[in-house]
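**Student:** Here the sequence shown is numbered in my numbering, starting from 252 and rising by one per residue. First the structure, which I've put down as structure tokens, then a few questions once you've had a look.
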Amino acid sequence: MDSVLQDIDVLPYKRFYSAEKIPDLTGKVAVVTGGSSGIGAEICRQLATHGAKVYILSRGEAQAQGVIAEIKNTHPSAQLEYHKLNLESIAESIESAKLLMEKTDRIDIVHLNAGLVMTSLESTTDGIEPTVGIQHLGHFAFIMTLLPFLEKQTLDDVRIVVTASRNHSLVAKGIDFTKLGPSKQKDLDDAMAKYAQAKLCNVLMSNYLAKLLKNRGVTNVTINSHDPGVIVTNLMNPIARELGCFAGVFLALYRLIGISPQQGALTGLFVSTSPDAKGISGEYYIPIGQRAKCAKLAQDEALQKKLWEWSEAQMARTSS
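Given below as structure tokens:
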């Protein structure tokens, strides 16, 4: 059900795209990180029920198998398979991509969707601040390992879709790369600042990779980022707990203005499946399926390059 504010058009959510408009995906293969919950699970559901073979990537298998069972309960012919991906480790992210390439001879769609807001972790396996380490660096290692495979395919329409957030625009002064080492979240404000920084990294990476592909003359692989919207999922429960006596008010407002995971999945699904998005790369989308301008910092080519080089250095350090 739409939120109350959507119904009276207070929020800028447009309804021109719906799950019914997803084309037949029979024969296609899709990969979804963070596919065991939230909008990731809904993305998996829609891709699978429209004919695609879907690999659900997450660290834990039990929750992913639960999603698979739920989808197959209503769509017995749906093709879904769990594949392990631990984004906390660069080495394991690389290994996951290598093992995935052994399982399939084609990949048409990649949703880099896994995310987190609050965490008790102080560091990833590689000594990186966990919000950036998991949401950006793990994904970077995974997709860079997978990229040659994607490029060499004879397929003419391979789409990489990065789940970002409008919060990327909250970063005012860029990224201090000297402060991306171990760092425990101090409080709610600190957690949200680190989340915004990680989402800025997502958009920066997407924009820069789109340029690299274009400069290399690669036309069969595209990459775009998107804001799925304010979605009512369990992701916000840790934030509510930090608010103490105000938790009830926060959750009530959150549910009032938020959209469902079903609606939140639509923008990413538009980018990964719609004929109208074919061939488009380096763009940023907002709900539902509309192209928009990302924050100015995300368009900063010098910052894009600096993040890219820092990310490559972390991969090299891990493999050395």
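Built from N, CA and C at the ideal position, the CB exists for glycine as well. Remember, it's a predicted structure, so these values are computed and weren't measured experimentally.
If I follow the unbroken alpha helix (DSSP H) through residue 568, where does it start and stop?
**Tutor:** In the sequence shown, the residue the question calls residue 568 occupies position 317. Residue 568 -> alpha helix (DSSP H) spans 552-570.
**Student:** Are residue 273 and residue 296 touching if we call contact CB-CB under 8 Å?
**Tutor:** Your numbering for residue 273 matches position 22 in the sequence shown. Your numbering for residue 296 matches position 45 in the sequence shown. Not closer than 8 Å, so no.
**Student:** Indicate whether residue 456 and residue 331 have their beta-carbon atoms separated by less than 8 Å.
**Tutor:** Mapped onto the sequence shown, residue 456 falls at position 205. Mapped onto the sequence shown, residue 331 falls at position 80. The answer is no: Cβ separation not under 8 Å.
**Student:** Check residue 296 in the structure and name its three-state DSSP category.
**Tutor:** On the sequence shown, residue 296 is found 45 positions in, with the first residue counted as 1. Residue 296 falls in the helix class under three-state DSSP.
**Student:** Tell me which residues share the same chain as residue 564 and place their Cβ nearer than 8 Å to its Cβ, disregarding the 5 neighbours each side in the sequence.
**Tutor:** Along the sequence shown, read from residue 1 onward, the residue named residue 564 stands at position 313. Result list for residue 564: empty, nothing under 8 Å.
**Student:** In angstroms, rounded to a whole number, what distance separates the CA positions of residue 300 and residue 428?
**Tutor:** For this step, residue 300 is matched to residue 49 along the sequence shown. For this step, residue 428 is matched to residue 177 along the sequence shown. If you take the alpha carbons of residue 300 and residue 428, they lie about 42 Å apart.
**Student:** What are the boundary residues of the beta strand (DSSP E) that includes residue 404?
**Tutor:** For this step, residue 404 is matched to residue 153 along the sequence shown. No beta strand (DSSP E) holds residue 404; DSSP gives it neither H nor E.
**Student:** How would you label residue 478, buried or exposed, when you count the other beta carbons within 10 angstroms and need 16 or more for buried?
**Tutor:** The sequence position of residue 478 within the sequence shown is 227, counting from 1. Flag for residue 478 reads buried.
**Student:** Where residue 287 and residue 445 are concerned, what is the direct C-alpha to C-alpha distance, given to the nearest angstrom?
**Tutor:** Residue 287 sits at position 36 when you count from the first residue of the sequence shown. Residue 445 sits at position 194 when you count from the first residue of the sequence shown. Roughly 23 Å separates the two Cα atoms.
**Student:** Can you tell me which of the three DSSP states residue 259 falls into?
**Tutor:** Translated into positions along the sequence shown, residue 259 becomes position 8. Reliability of the predicted coordinates at residue 259 is poor, the pLDDT of 36 falling under 50, and the value obtained from them is presented with this limitation in mind. In the structure shown, residue 259 sits in coil (DSSP, three-state: anything other than H, G, I, E or B).
**Student:** When DSSP labels each residue in this structure, what does residue 491 get in the three-state scheme?
**Tutor:** For the purposes of this step, residue 491 is taken as the residue at position 240 of the sequence shown. Confidence at residue 491 is low in this model, with a pLDDT of 49, below 50, so the placement of that residue should be treated as unreliable; the coordinate-derived value is given next. In the structure shown, residue 491 sits in a helix (DSSP, three-state: H, G or I).
**Student:** Leaving aside the five residues before and after residue 418 along the sequence, list all residues of the same chain whose C-beta is less than 8 Å from its C-beta, in chain order.
**Tutor:** On the sequence shown, residue 418 is found 167 positions in, with the first residue counted as 1. For residue 418, where only same-chain residues beyond five positions count, the Cβ hits under 8 Å are 443, 446, 447, 450.
**Student:** Near residue 407, what residues of its chain come up, given a Cβ to Cβ distance below 6 Å and the 5 sequence neighbours on each side ignored?
**Tutor:** In the sequence shown, the residue the question calls residue 407 occupies position 156. Answer for residue 407: 471, listed in chain order.
**Student:** State buried or exposed for residue 410, treating a residue as buried only when at least 16 other CB atoms are found within 10 Å of its CB.
**Tutor:** For the purposes of this step, residue 410 is taken as the residue at position 159 of the sequence shown. Buried, by the Cβ-count rule.
**Student:** Within 10 angstroms of its Cβ, does residue 366 collect 16 or more other Cβ (buried), or is it exposed?
**Tutor:** Within the sequence shown, numbered from 1, the residue matching residue 366 stands at position 115. That one is buried.
**Student:** Using a Cβ distance threshold of 8 Å, determine whether the stretch 381-395 contacts the stretch 336-345, with at least three qualifying pairs required.
**Tutor:** The stretch 381-395, when compared against the stretch 336-345, does touch it at the 8 Å Cβ threshold.
**Student:** For chain D, check one thing: does any of its Cβ atoms lie closer than 8 Å to the Cβ of residue 515?
**Tutor:** In the displayed structure, chain D is absent; only one protein chain is listed.
**Student:** Return the CA-CA distance between residue 519 and residue 570, expressed in angstroms with no decimal places.
**Tutor:** Looking up residue 519 in the sequence shown gives position 268. Looking up residue 570 in the sequence shown gives position 319. Those two C-alpha atoms are separated by around 32 Å.
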